[in-house]
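>
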């Protein structure tokens, strides 16, 4: 890992003194570095790159590749990384979920090469997937939980909660219903229909929406949602900036305002003080340090 | 019509043998949402890519579903709300857990080509987040396999000329994912650019719904091939119907059938089966049903009732409006869309009689066999017009009063003509001996008088007798052009008075009396008419160094006739000397085409500027060899080129810089759309070519020799300037108001830049490389068509100024004007040994001043001034040169 630079950027006047970025840290991990997230203890960054799935210790800048292919990864406080990976068997796309224990450098198979209708959902309390029209949960790592989980299923939202499932299409047909996630207090769901962000209650009633807002992520305290507003020309991304919306009053704050960077796919640190995202234009990762007042 | 034996075939049951069940495929109709943010109409010709992509995708979906696949569509409409962000597309395709992602587009990489793109390096496809089963973390060679199947299918289905594949890391030069759809895709992904929609013939073909259907077959079939399914037991037959009677009025690739006008209102029938294709009809697609259950309905064709044929509609599926023709777009695909395309899909193997009908053309019939040898069969055809031949254009105009007697008579016919019949039916009165010259298509007849001239000041009547003249299908001439054959063509004109003046050097390059700062110039003499070159002219011209002892400078001679005037060029083969004076001689004995012969020599002085810098370094960016077409793009391939009807570049081996020993120049032909005011042409140097990689900066001079076309249109250079806020910078505009060779220089040291909106920032910032030549149409002049030649694109780094003493005339002298006698223009030259105030005036024989030519301070040197007597009467005039060294006079004789 090469540490490029640290920039101080004060946007106090721009952000009405509510949310401001006080520091931008630029990290370079090479080609096609995407989908960064913090570990549960905030000590590590996880991301995918040309080389595969990686975790990076922020305190000593040490990067380790834990898998040749990985997505939807998370690392718990014990250093265990759960992630999805794919394979092709007889030209058919198979899903697997793995667990890599970084302390002992050992990988365990949770789901092995299953042909599934939708991609498995990895949560902190288990891996959910749909098989034979039933929601299944694998509890290798976590105890059973009643906490609801939401998945994007066949252009609808599949909410599994308290052992029961329901399918919602709160905006009707012909929507993607992508990037769904349940709020930390389990009372709401955020998703993107095709291009716009929606927040609904657990019964599918729309609470609010934001135009042209994608890749939403709840803040750990559930008070904020970070998202990106990207644009493209049908071939390539041409711009994107990171925003946050305060759930309470739907007030939107623009965190980045750069012409030479394309910031995408924000993700919160566990303490809610930082956001990590991609800079697609320069193939870098950015850590935005926030001041929220 | 050729009668053929019809082989009757038993009907076969076209049951699909392909089985894609269990496969889940994601089909993305590229771009999306017909709104202001959508891709604009291409070339203003009515094609919208988002709509075209959707059409294909819907048909692909239908075919793949028929073969059992599960298909997930990114969109099924083209409303404003159907624009899908690339990031959402990646997320949806991943969520759907598909086996493949394919995105459908239509703008390949120039020419009439097909392009397949995939994630990764060219030849080395990658999936970003990897695959556990790949031999190396993220390789997926299957993407290349499918690209090859699909690319080759598309070439066969659409008659594109070649296919190439590329990884987006390489193709866009990004070194990583450039295409947004691939960046977050966890499954194999491909993107087809079926054809190059910026190529006009493709733009029109793409508007034919059946062309899109064949395109969709090519895409769908590739999946069956990739998954190892057996070949369908039927085939598609497609073709393009054109006529050689007419060339297209838009851009086409030389040497291809696209040169000829497609016929839109075709009715094509295949038998057995009596399947009928109507080129002129309205079609809608919501769910395409392959043709095997879609035999066209309707009454038999009545060739005598074309209106009824034209008004009969064939509808595939229902007429469900799926919004793709919103915003006023008319989806009447076949009609007047310049494509002539037809398709019969899902034909059983066998031999067919294919009957072609179109209003205004003779019916034709071909025998076509389709077999299991391939899936996409092509049968193009040219149809012959049944309209009687007529004279489309002619020169002189009817009743022209002063047609130059030495100019040819040119008749341009609508059809290929029977040349013997034309000669038999031709007469001219009074009688004249004429030489008949036909062009290669026997459509243009040029009549030259024996002895180079008709009688002067004579009224002629030219007649083509309809009874004797007919086209290649024996229709009698339609002399008055009313659409009905059988009437004579009559042309009356009167010839001009005779030419009694010998040829005159009207101008020079470098110009008269100018200091010149290039050491190896191409010396040009511009005559006011054609100089008779019979017997050679080479010994009539000479370049002599006159400073010190006279020395003849070695040159290579060449001559050109442009717009009815001769240009003589002497190419210097070695450097001239700074500060030295040279004389450009043209010797007596030059004749025009009417035996008017010059009786005296003409000379013009040329002084090489003593301040001409020496160059520390010469970077040859392009010497223009035989490979110009590889290095330079066809102008239409650049998105910056707008409102150009036709343009192309060629390696040319006739108009070259002999001085540098060049064997080739680059010829650029262009034709702007004169109905538009914002016509712009960019002749782009391929960024991947070695010349475009050659770096320079703003410490020197960018220059090229240009053989001008005299149109007055504007020319400039463009260079890439990646260090600045703009991506490129351009030179000021240089008017193309000259013919013959001229060196055009952009001195980058001055920092003077033009403006290229949204591209340049007006300053040269750092390391540069060449981008393009650019030409802008000056619509006020109206010269929308021209041909330029380019030689020796160099970047010169000055090393300083060689201090050289300039040769100064010793005496104060004035030369005899030339020509003399003159009418109405003559040149007066003189030498000044010292700086002086100069007054050069012309007086008549009575001492009255009739013109003041010079009244200013001039530095020492040799000067030449043109005097135009204009309306002055014939007679003797005095040129009087007055300085503080005295007064010199010369008599001049004006003869009108």
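Protein chains in written order, with this note's numbering: chain C, -11 to 281; chain A, 57 to 952.
Ideal Cβ placement from N, Cα and C applies to all residues, glycine included.
#1: Identify each residue in the segment 70 to 86 of chain C for which the Cβ-Cβ distance to at least one residue of chain A is less than 8 angstroms, and report them in chain order.
#2: Compare the C-alpha of residue 239(C) against each of 214(C), 173(C) and 42(C) and name the closest.
#3: CA-CA distance, residue 445(A) and residue 766(A)?
#4: So residue 141(A) contacts chain C; which residues on that side make the cut at Cβ distance below 7 angstroms?
#5: Short check: CB of residue 772(A) to CB of residue 789(A), under 7 angstroms?
#6: I'd like to know whether the C-beta of residue 954(A) is nearer than 7 angstroms to at least one C-beta of chain C.
#7: Classify residue 846(A) as buried or exposed, calling it buried when 16 or more other Cβ atoms lie within 10 Å of its own Cβ.
#8: Quick test of your reading: residue 583(A) and residue 622(A), contact by CB under 8 angstroms. State the CB separation rounded to the nearest angstrom.
#9: Establish whether the CB of residue 93(C) and some CB of chain A are separated by less than 7 angstroms.
#10: Can you give me the Cβ contacts of residue 420(A) inside the same chain, cut-off strictly under 7 angstroms, excluding the 5 residues immediately before and after it?
#11: Select from 429(A), 888(A), 514(A) and 816(A) the residue whose C-alpha is nearest the C-alpha of residue 937(A).
#12: Any C-beta of chain A within less than 7 angstroms: which residues of the segment 140 to 172 of chain C qualify?
#13: Is it buried or exposed, residue 940(A), if we count other Cβ atoms within 10 angstroms and call 16 or more buried?
#14: In the DSSP assignment, find the beta strand (DSSP E) that holds residue 26(C) and state where it starts and stops.
#15: Under a CB-based cut-off of 7 angstroms, is residue 163(A) close to chain C?
#16: Output needed in chain order: residues of the segment 5 to 23 of chain C with a Cβ under 8 angstroms from some Cβ in chain A.
#17: From this set, 482(A), 463(A) and 915(A), which residue's C-alpha is nearest residue 507(A)'s C-alpha?
#18: For the alpha helix (DSSP H) that residue 910(A) lies in, which residues bound it at each end?
#19: Which complete alpha helix (DSSP H) runs does the segment 38 to 77 of chain C hold, if anything under 4 residues is left out?
#20: Less than 6 angstroms between C-beta atoms, sequence neighbours within five positions excluded: which residues of the same chain meet that for residue 77(A)?
#21: Between the beta-carbon of residue 398(A) and the beta-carbon of residue 326(A), is there less than 7 angstroms?
#22: Roughly how many angstroms separate the alpha carbons of residue 730(A) and residue 700(A), rounded to a whole number?
#23: In chain order, what residues of the same chain have a beta carbon less than 7 angstroms from the beta carbon of residue 897(A), not counting five sequence neighbours either side?
#24: Can you check which of these residues, 313(A), 761(A) and 266(A), is closest to residue 677(A) by C-alpha distance?
#25: Does any CB atom of chain C fall closer than 7 angstroms to the CB of residue 242(A)?
#26: Please check if any C-beta of chain C sits within less than 7 angstroms of the C-beta of residue 459(A).
#27: Mind checking if residue 87(A) is an interface residue toward chain C, Cβ cutoff 7 angstroms exclusive?
#28: Distance check for residue 291(A) and residue 263(A), CA to CA, integer angstroms please.
#29: Which runs of the beta strand (DSSP E), 3 residues or longer, sit entirely within the segment 461 to 498 of chain A?
#30: Taking a contact to mean a Cβ-Cβ separation below 7 angstroms, would you say residue 246(A) touches residue 203(A) in this structure?
#31: Write down the C-beta distance between residue 206(C) and residue 169(C) rounded to the nearest angstrom, noting that I regard them as a contact closer than 8 angstroms.
#32: How is the beta strand (DSSP E) around residue 831(A) delimited, first residue to last?
#33: Where do the ends of the alpha helix (DSSP H) carrying residue 289(A) lie?
#34: With DSSP collapsed to three states, give me the class of residue 147(A).
#35: Quick test of the definition: if touching needs 3 or more C-beta pairs under 8 angstroms, does the segment 299 to 313 of chain A touch the segment 132 to 149 of chain A?
#36: Would you be able to state if there are at least three C-beta pairs under 8 angstroms between the segment 561 to 575 of chain A and the segment 525 to 539 of chain A?
Checking against the coordinates, here is how it stands:
#1: 73, 74, 75, 76, 77, 79, 80, 81, 83 and 84
#2: 214(C)
#3: 35 angstroms
#4: 183, 202, 218 and 220
#5: yes
#6: Since the first residue of chain A shown is 57 and the last is 952, residue 954(A) is not available in this structure.
#7: buried
#8: 4 angstroms
#9: no
#10: 57, 412, 437 and 439
#11: 888(A)
#12: 140, 164, 166 and 167
#13: exposed
#14: 22 to 26
#15: no
#16: 19, 20, 22 and 23
#17: 463(A)
#18: Note, residue 910(A): premise wrong, no alpha helix (DSSP H); beta strand (DSSP E) at 905 to 914.
#19: none
#20: 124
#21: no
#22: 9 angstroms
#23: 905, 907, 908, 909 and 936
#24: 761(A)
#25: yes
#26: no
#27: yes
#28: 23 angstroms
#29: 465 to 469, 482 to 485 and 490 to 494
#30: yes
#31: 6 angstroms
#32: 824 to 832
#33: That residue, residue 289(A), is in no alpha helix (DSSP H); it is neither H nor E in DSSP.
#34: helix
#35: no
#36: no
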